[in-house]
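What follows is a single structure, written as structure tokens, with notes after it.
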Amino acid sequence: MDKSTIVCRCEEINIDEIENALKNGAQTFDDIKRLTRTGMGSCQSKVCLHPVREIIADYHNKDLQDVGISRMRIPLKPIRMGTLATESKDSNVASVFGESVEEGDENR
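Given below as structure tokens:
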């Protein structure tokens, strides 16, 4: 394939960028994700995971089954985008740190 071929459509990452990440020490999909944002778009690596794994396997001369998948970090429970996008005080979304907002301290 041509090095300019887009692998991650959401973030517009091409093969050349993936190979540069590998040359700079990336070993896993998560390494490439951190270096290039591959897999961080709206599809959350549903489209690019397997092509990137194939590139990693070819680069490191490994079998595809020896190349792991991305470490998934899903929410504990689904949250509607509208809830995240508003400043609603009526939301049941809680901080992961267990913090509470004191009266008059809404800007925290």
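Heads up: the sequence shown is residues 0 to 107, going by numbering that gives the first Met the number 0.
Backbone N, C-alpha and C define an ideal beta-carbon position, used for all residues, glycine too.
Computed from a predicted structure; not experimentally measured.
Assign L48 to buried or exposed, taking buried as 16 or more other Cβ atoms, counted over all protein chains shown, within 10 Å of its Cβ. So L48 counts as buried.
Going by the CB atoms, is the gap between G38 and S69 shorter than 9 Å? Yes; because the gap between Cβ atoms is below 9 Å, this pair is in contact.
Taking only three categories from DSSP, how would you classify N19? Helix.
Give me, in chain order, the residues of the same chain whose beta-carbon lies closer than 7 Å to that of D29; leave out the 5 immediate sequence neighbours on both sides. For D29, where only same-chain residues beyond five positions count, the Cβ hits under 7 Å are S69, R70.
Rounded to the nearest angstrom, what separates R8 and K76 at their Cα positions? It is roughly 27 Å from the alpha-carbon of R8 to the alpha-carbon of K76.
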